[in-house]
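Trainee:
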Amino acid sequence: MKTASLLTVFSYSLAAAAPLEALAAKGPLIQDRSALERRNYFASSCRHWNLNSYYSTFLNAQCWNTQGQLVGNVFDLDSCIANYGGHLAYAKNGRYSFSCDKRDCAIVDSTWFQCNCKGYSGETVFSKINLNDILTNDNGNLKC
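UniProt numbering numbers the first residue of the sequence shown as 1 and each following residue consecutively.
(1) Please identify the residue among D104, F98, A43 whose C-alpha is closest to the C-alpha of S53.
(2) Verify whether the separation of the beta carbon atoms of C63 and S79 is less than 7 Å.
(3) Which one of T136, V108, W112, E123 has the shortest CA to CA distance from C100?
(4) Taking a contact to mean a Cβ-Cβ separation below 7 Å, would you say A144 touches I129 in this structure?
(5) Quick check on D138: does DSSP put it in helix, strand or coil?
(6) Using DSSP with H/G/I as helix, E/B as strand and the rest coil, what is R95?
(7) Would you check if the distance between the CB atom of F98 and the CB atom of D76 is smaller than 7 Å?
Written out as structure tokens, the structure reads:
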């Protein structure tokens, strides 16, 4: 097997001890943990993401770890998105949901998170942020 770079893509398998040949048709397996951590976005190594229907600040997603296994995630977007005067932005422990209408929030165009939020004067402002700019996959676990 030839490797072209630090990041070698094989295939994933939910079976723990499957030989590499058996993995070929399944999906990506990231061999190098540091390469997985260097990714600046989650969409290339996660799948089936959506907002949780009960707790709309939570993002459900499945992300691959370095062993090629899918890891289920329930990630609180409040932990890394803030509302600054009606504009969504990255901020650790941002708590956007305190001033945005969670019922109107949605994921659109694959990775864009949008909400109606309160501006500085109390007006409603439509805002969106690309989750790929703030979320990463750390060995199967979402983080910001």
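Every residue gets a Cβ at the ideal spot worked out from N, C-alpha and C, and that includes glycine.
Mentor: This is what the structure holds:
(1) D104
(2) no
(3) E123
(4) The sequence as given places Cys at residue 144; Ala does not occur at that position. No.
(5) strand
(6) coil
(7) no
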